[in-house]
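For the record, in the sequence shown the residue sitting at position 34 is 888 according to my numbering, with numbers rising by one throughout.
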Amino acid sequence: MRFLLSRLDVDTDFSTFHFDVNVDKKWVTISDKTPKKYIRKILPDFDQAINGTSFSSVA
855 MRFLLSRLDV DTDFSTFHFD VNVDKKWVTI SDKTPKKYIR KILPDFDQAI
905 NGTSFSSVA
C-alpha cells in the first residue's frame with residue numbers, strides 16, 4: 855500500500871486496483887482489470903519495488 859500511496863494522488867480510487875498473486879512463484883502482477891491510467895503510473899517501479907526485479911508484470 856505504501857508503494858501505491860507514494861506514487862498516486864490521495865483521491866485515487868484504490869478499489870479499482872486488481873492484482874494477481876502466484877503464491878508458488880512468489881510473484882505479484884498487476885491485473886489487466888486495473889484501469890490503464892493507473893497501470894501506466896505504477897508499472898515503471900512496480901516490479902522492482904514489489905517483486906525485487908525489473909521484469910514486467912502486467913497480467
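Yeah, the Cβ is synthetic: ideal placement off N, Cα and C, and Gly gets one too. Just so you know, these numbers come straight off a predicted model, no measurement behind them.
DSSP lists Asp874 as the bridge partner or partners of threonine 883. Residue environment for aspartate 878: exposed (fewer than 16 other C-beta atoms within 10 angstroms of its C-beta). Judged by DSSP in its simplified three-state form, aspartate 901 adopts helix. Aspartate 901 counts as buried, since no fewer than 16 other beta carbons sit within 10 angstroms of its beta carbon.
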